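One structure is given here, and the rest of the page talks about it.
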Amino acid sequence: MTSTARAAQSANGQAHASTPANSRTAEAIGSLRTRLAALARSHGRDVAVCLAFVALAGWVTHGLWPNPNGRVLALNPEDQTLYEWFLAADTKFAFGDWGLLTDRLNAPDGVNLLNNTTVIALGTVFTPVTLAFGVPVTFALIAGTSLAGTAIAWYFFFSRVLGGSWLAAALGAWLCGFGPGIVSQNNSHLHMTAQWLVPVMVWLVIRLARAADPAARPEGVDRRRVVTSALWLAAVVIVQVFIGEEVLFLTAVTMVVLAIGYALARRDYARRVLPKFVAGMMIAVCVSGAALIYPLWFQFRGPGACPTASSARTSSPPTWPASPRSPRSRCSARRSRPGSPRGPRSTTRSSAGPWSSSPPAA
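Counting in the UniProt record's numbering, the sequence shown tops out at residue 362, every number present.
Dropping the structure here:
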């Protein structure tokens with residue numbers, strides 16, 4: 001056999017060997033296209049609604065995006081500066097510095113981070129953005145994603161958990177994510193607008209109640225789902241504490257009122273569900289309480305904690321700062337103005353990158 005014949009035979013063998021591989025690749029690509037097409041048909045409306053919420057959030061915050069490093073909100077720019085300082089300070093948690101007291105603000109007394117709305121969880125999650133692009137970009141990104149994320153979370157709650165139509169769910173989610181109240185709070189109050197965990201908490205409570213119903217399935221109470229719902233609820237509550245305790249408190253009060261009203265309307269159902277539901281809630285309370293006992297103690301009793309009504313009877317009242325250079329108040333973080341010479345404006349701007357001395361309002 002000549003060398004030319006051998007080469008031709010080798011080429012034919014390689015062609016036959018590559019044919020099955022090419023066939024498998026083509027089948028995989030075809031299967032992927034089929035799945036994507038089916039996904040688009042079944043979830044096309046969901047994707048469209050979510051994209052609409054993202055676009056709406058971008059429009060609401062569009063004034064910041066042309067130049068986040070040089071623009072501030074037209075309303076409440078002082079709180080924006082303070083929140084940017086908080087977001088810059090929160091980056092330390094990503095590097096293992098878990099201290100809840102900082103002396104980088106309100107020196108020499110320092111500031112109790114949990115005694116302020118420092119949105120530690122958000123600042124930690126967005127640490128890569130802060131380090132890469134600066135804290136003003138992080139602020140603008142959180143301001144937009146909080147609105148869109150809240151609306152998207154409520155949309156899936158209304159459509160999936162409550163079984164509403166996509167249009168009704170979209171309208172309800174639009175009101176929850178872009179209503180006048182939450183858009184107003186978006187003027188620097190990030191702890192109030194980042195409400196995307198609220199529908200998750202409500203869903204987990206409903207999931208726990210449904211699992212605790214012995215009449216829901218022939219086997220009786222779904223103990224596994226009761227426990228998993230309680231553990232997930234505890235985890236979400238822990239995260240929400242480090243986003244905003246006000247939202248968590250308002251959610252808890254609202255859900256208690258609704259639960260009482262629902263129990264009065266469906267007393268037979270409430271009697272069936274109550275034993276296991278209470279057991280699951282106790283699991284959630286114990287787990288979250290064990291994880292939060294030290295942070296909450298530090299918030300209310302640690303250094304820099306503001307005195308409560310009960311402690312005011314046994315301790316001397318805090319003195320107000322005589323001047324910006326000599327703060328004496330135990331709650332001095334709330335006494336100082338962000339625009340004062342010792343406020344966080346210069347600190348935040350220098351840590352975030354180049355800032356103009358008089359940035360235009362967005």
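We put the CB at the ideal spot given by N, CA and C, even for glycine.
As the structure is a computational prediction, the values presented were derived from the model and not from experiment.
Practice item. Please report how far the alpha carbon of cysteine 50 lies from the alpha carbon of phenylalanine 178, in whole angstroms. Key: Counting from one through the sequence shown, the residue named residue 50 turns up at place 50. Counting from one through the sequence shown, the residue named residue 178 turns up at place 178. So the alpha carbons of these two residues sit roughly 13 Å apart.
Point to revise | Neighbourhood of threonine 314 by C-beta, 6 Å cutoff - its chain only, sequence neighbours within 5 removed | key: As a first step, residue 314 is located in the sequence shown; it is residue number 314 there, counting from the start. Residue confidence is low: threonine 314 scores 41 on pLDDT, short of 50, so the model does not pin down where it sits. Its coordinate-derived value is still stated next. Answer for threonine 314: no residue qualifies.
Practice item. Assign leucine 64 to one of two classes, buried (16 or more other C-beta atoms within 10 Å of its C-beta) or exposed (fewer than that). Key: Your numbering for residue 64 matches position 64 in the sequence shown. By the 10 Å Cβ count, leucine 64 comes out buried.
Point to revise | Residue interval of the alpha helix (DSSP H) (run including leucine 250) | key: Against the sequence shown, residue 250 aligns to sequence position 250. Segment 245-265, the alpha helix (DSSP H) holding leucine 250.
**Study point:** Reduced DSSP secondary structure (H/G/I, E/B, other) of valine 72
**Key:** Against the sequence shown, residue 72 aligns to sequence position 72. Reduced to three states, the DSSP call for valine 72 is strand.
Review point. Which residues bound the alpha helix (DSSP H) around alanine 169?
Key: For this step, residue 169 is matched to residue 169 along the sequence shown. Where alanine 169 is concerned, the enclosing alpha helix (DSSP H) stretches over 166-178.
Check your understanding: Taking C-alpha atoms, which residue in Leu197, Lys276, Val54, Ala209 lies nearest to glutamate 246?
Key -> Position 246 of the sequence shown, counting from 1, holds the residue named residue 246. Among Leu197, Lys276, Val54, Ala209, the Cα nearest to that of glutamate 246 belongs to Leu197.
Practice item. Count the other C-beta atoms from every protein chain shown that fall within 10 angstroms of the C-beta of glycine 244, then say buried if there are 16 or more, exposed otherwise. Key: One-based indexing of the sequence shown puts residue 244 at position 244. Buried: at least 16 other Cβ atoms inside 10 Å.
Exercise for review: Take glycine 58 as the anchor and find which of Gly149, Gly144, Met255 has the nearest alpha-carbon.
Suggested key: The count along the sequence shown starts at 1 and reaches residue 58 at position 58. Out of Gly149, Gly144, Met255, Gly144 has the C-alpha closest to the C-alpha of glycine 58.
**Study point:** Proximal residues to phenylalanine 242 (C-beta, below 7 Å), its chain only, five neighbours per side dropped
**Key:** In the sequence shown, counting from the first residue as 1, residue 242 sits at position 242. Excluding residues within five positions, the ones whose Cβ falls inside 7 Å are Ile120, Ala121.
Check your understanding: What is the rounded straight-line gap between the Cα of proline 214 and the Cα of leucine 274?
Key -> By 1-based counting over the sequence shown, the position of residue 214 is 214. By 1-based counting over the sequence shown, the position of residue 274 is 274. Straight-line Cα distance between these residues: approximately 10 Å.
Practice item. Verify whether the separation of the beta carbon atoms of tryptophan 166 and arginine 45 is less than 8 Å. Key: Residue numbering aside, residue 166 sits at position 166 when the sequence shown is read from its first letter. Residue numbering aside, residue 45 sits at position 45 when the sequence shown is read from its first letter. Contact flag set, yes.
Review point. What separation, rounded to the nearest whole angstrom, lies between the Cα atoms of threonine 254 and proline 199?
Key: Residue 254 sits at position 254 when you count from the first residue of the sequence shown. Residue 199 sits at position 199 when you count from the first residue of the sequence shown. Distance between the alpha carbons of threonine 254 and proline 199: 12 Å.
Check your understanding: Does the stretch 218-232 come close enough to the stretch 169-187 that 3 or more CB-CB pairs lie under 8 Å?
Key -> no
Check your understanding: Starting from phenylalanine 139 and walking both ways along the alpha helix (DSSP H), at which residues does that stretch end?
Key -> Along the sequence shown, read from residue 1 onward, the residue named residue 139 stands at position 139. Residues 135-156.
Point to revise | Candidates Gly164, Val256, Thr124, of which the one nearest phenylalanine 93 by Cα | key: Here residue 93 refers to the residue found at position 93 of the sequence shown. Out of Gly164, Val256, Thr124, Thr124 has the C-alpha closest to the C-alpha of phenylalanine 93.
Check your understanding: What first and last residue would you give for the alpha helix (DSSP H) that runs through valine 125?
Key -> Numbered from 1 along the sequence shown, position 125 holds the residue referred to as residue 125. Element bounds for valine 125: 120-125.
Review point. Any idea which residues DSSP pairs threonine 102 with across the strands?
Key: Walking along the sequence shown from the start, residue 102 turns up at place 102. In DSSP, threonine 102 forms a bridge with Val111.
Practice item. Determine the burial state of phenylalanine 280: buried for a count of at least 16 other Cβ atoms within 10 Å of its Cβ, exposed for fewer. Key: Here residue 280 refers to the residue found at position 280 when the sequence shown is read from its first residue. Reading off the sequence, residue 280 comes out as glycine, not phenylalanine. Classification of glycine 280: buried, given that the 10 Å Cβ count is 16 or more.
Practice item. Tell me, to the nearest whole angstrom, how far the beta carbon of serine 288 is from that of isoleucine 206; I am working on the premise that it is less than 8 Å. Key: Translated into the one-based positions of the sequence shown, residue 288 becomes position 288. Translated into the one-based positions of the sequence shown, residue 206 becomes position 206. Actually they are not in contact, since the Cβ atoms of serine 288 and isoleucine 206 sit about 18 Å apart, beyond 8 Å.
Point to revise | Nonlocal neighbours in the same chain, by C-beta distance under 6 Å from serine 311, ignoring five residues either side | key: In the sequence shown, the residue the question calls residue 311 occupies position 311. Low per-residue confidence applies at serine 311: pLDDT is 49, beneath 50, and the placement is therefore not dependable, though the value from the model is reported in the following sentence. For serine 311, same chain residues with a beta-carbon under 6 Å away, outside a window of 5 residues either side, do not exist.
Practice item. Report all residues from its chain with a CB closer than 8 Å to the CB of valine 129; omit the five preceding and five following residues, and keep chain order. Key: Position 129 of the sequence shown, counted from the first residue, corresponds to residue 129. Within the same chain, valine 129 has close Cβ partners Val137, Thr138, Leu141.
Exercise for review: Counting only the same chain and skipping the five closest in sequence on each side, list residues whose C-beta sits under 6 Å from that of threonine 91.
Suggested key: By 1-based counting over the sequence shown, the position of residue 91 is 91. Taken in chain order, the residues that qualify are Thr127, Thr130.
Check your understanding: By DSSP, does phenylalanine 86 sit in helix, in strand, or in coil?
Key -> As a first step, residue 86 must be located in the sequence shown, where it is residue number 86. Note: phenylalanine 86 maps to helix in three-state DSSP.
Practice item. Taking alanine 132 as the reference, give the member of Asn69, Gly304, Val226 with the closest Cα. Key: Counted from its first residue, the sequence shown places residue 132 at position 132. Among Asn69, Gly304, Val226, the Cα nearest to that of alanine 132 is on Asn69.
Check your understanding: By how many angstroms is the C-alpha of valine 278 removed from the C-alpha of histidine 43?
Key -> Position 43 of the sequence shown holds residue 43. Position 278 of the sequence shown holds residue 278. Their Cα atoms are separated by approximately 36 Å.
Check your understanding: How long is the line joining the alpha carbons of histidine 189 and threonine 228, rounded to whole angstroms?
Key -> Residue 189 sits at position 189 when you count from the first residue of the sequence shown. Residue 228 sits at position 228 when you count from the first residue of the sequence shown. If you take the alpha carbons of histidine 189 and threonine 228, they lie about 33 Å apart.
Check your understanding: How is phenylalanine 53 classed by DSSP in three states: helix, strand or coil?
Key -> As a working note, residue 53 is residue 53 in the sequence shown. Phenylalanine 53: helix per DSSP, three-state reduction.
Review point. When DSSP labels each residue in this structure, what does glutamate 219 get in the three-state scheme?
Key: For the purposes of this step, residue 219 is identified with residue 219 of the sequence shown, where counting begins at 1. The answer is coil: DSSP assigns glutamate 219 none of H, G, I, E or B.
Practice item. Let me know if glycine 96 comes out buried or exposed under the rule of 16 or more other beta-carbons within 10 Å of its beta-carbon. Key: Numbered from its first residue, the sequence shown carries residue 96 at position 96. Around the beta-carbon of glycine 96, fewer than 16 other beta-carbon atoms lie within 10 Å, marking it exposed.
Check your understanding: With 16 other CB atoms within 10 Å as the buried threshold, where does alanine 169 fall?
Key -> For the purposes of this step, residue 169 is taken as the residue at position 169 of the sequence shown. So alanine 169 counts as buried.
Point to revise | aspartate 103, buried or exposed, once every other Cβ within 10 Å from all chains shown has been counted against 16 | key: By one-based count along the sequence shown, residue 103 stands at place 103. So aspartate 103 counts as exposed.
Review point. Is tryptophan 65 helix, strand or coil by DSSP?
Key: In the sequence shown, counting from the first residue as 1, residue 65 sits at position 65. Reduced to three states, the DSSP call for tryptophan 65 is coil.
Check your understanding: From proline 324 to glycine 110, what distance separates their C-alpha atoms?
Key -> Taking the sequence shown and counting its residues from 1, one reaches residue 324 at position 324. Taking the sequence shown and counting its residues from 1, one reaches residue 110 at position 110. Low local confidence applies: a pLDDT of 35 at proline 324 is under 50, so the model's placement there is unreliable, and no value is given.
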